[in-house]
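Following the numbering used here, the numbering of the sequence shown begins with 1 at its first residue and continues without gaps. Positions of the beta carbon are idealized from the N, C-alpha and C atoms, including for glycine. Beneath this line is the structure, given in C-alpha cells, with notes to follow.
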Amino acid sequence: MSPKRAAESPSPSAQHPHRQPNNRHASAVAFGPHRGVLILGASGRGKSRLALALITRGAQLLADDQVMLTPLEGALYARPPRAIAGLIEARGFGLLRLPHLRLARIALVVDLDRPAPPRLPAPETITILGVTLTCLSGTAEPAYAEALAHHITHFTGAESR
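Below, the structure written as C-alpha cells:
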C-alpha cells in the first residue's frame, strides 16, 4: 500500500469489511504513514506522556487511550476511534486537541510494562492480531523519547515506500 493510499484510506476494514478493528487500551503516534509506534502499558504508566514527548520530536498523534487495530496483508494498521480522534490527555492540563493522522502502519511497539531494558538490549518481538512486530521495553522519560524518535526515523525495518 502506498503512503498516499494509507494516509487517505479511512481504515483497512473499510477496504476489507470482513476484518473488524480491535480496540486496544494503548496510545499510538507516527512518523509518517508507515512508521507508527504503538505504546502499550497499564493505566498510569506514561503512554500519553511518551506519546506527547514523541509528538514534540516530530511524530503525529494517531490515538490516545484507545487505538483501533486492524491486521491487513501481514501488517498492523492503527487508527483512532472517531469519538476521541485528535484528543490526548496531558496530566495536569486535561484533554488537548491536536492534529492527528487517520491511519498509519505500525512499525514498532513500545511496552511500558516490560522490565527496564538492559544497556544493550537484544531485539524482541510481540505478536498482535497475528502480526509479529519488533517490541522494545520502554519508559516515559525524556531521554528515552529522544532515543526512540531517532530510532524510528532511522528504523530500517519499517516500510518507507
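Check                                                                                                                                                   : Outcome
In its own chain, which residues sit with a C-beta less than 6 Å from the C-beta of K4, not counting the 5 before and 5 after it?                       : The pLDDT assigned to K4 is 41, lower than 50, so where the model puts this residue is not dependable; a value taken from the coordinates is nonetheless given after this. So the list is empty, once near-sequence residues are dropped.
Counting beta carbon pairs with one atom in the region 23-41 and one in the region 99-107, are three or more of them shorter than 8 Å?                  : yes
Are at least three pairs of beta-carbons, each pair with one atom in the region 79-87 and one in the region 125-136, less than 8 Å apart?               : no
Considering only the alpha carbon of each residue, which of T132, D111, L136, Y144 lies closest to S43?                                                 : D111
Strictly by DSSP, which residues pair up with I106?                                                                                                     : G36
As an exercise, report each continuous beta strand (DSSP E) stretch of at least 3 residues that is fully enclosed by the region 77-142, in chain order. : 87-90, 94-97, 104-111, 124-128, 131-137
Which whole-angstrom value is the C-beta distance of L52 and I88, which I expect to be below 8 Å?                                                       : 7 Å
Comparing alpha-carbon positions, which option in F31, L129, T56 lies nearest G74?                                                                      : L129
According to DSSP, is T153 part of a helix, a strand, or is it coil?                                                                                    : helix
Hey, would you say A140 sits closer than 8 Å to R49, going by beta carbons?                                                                             : yes
Cα separation between P10 and V67?                                                                                                                      : Below a pLDDT of 50, predicted positions are generally treated as unreliable, and P10, at 46, falls in that range; the measurement from the model is reported next regardless. About 14 Å.
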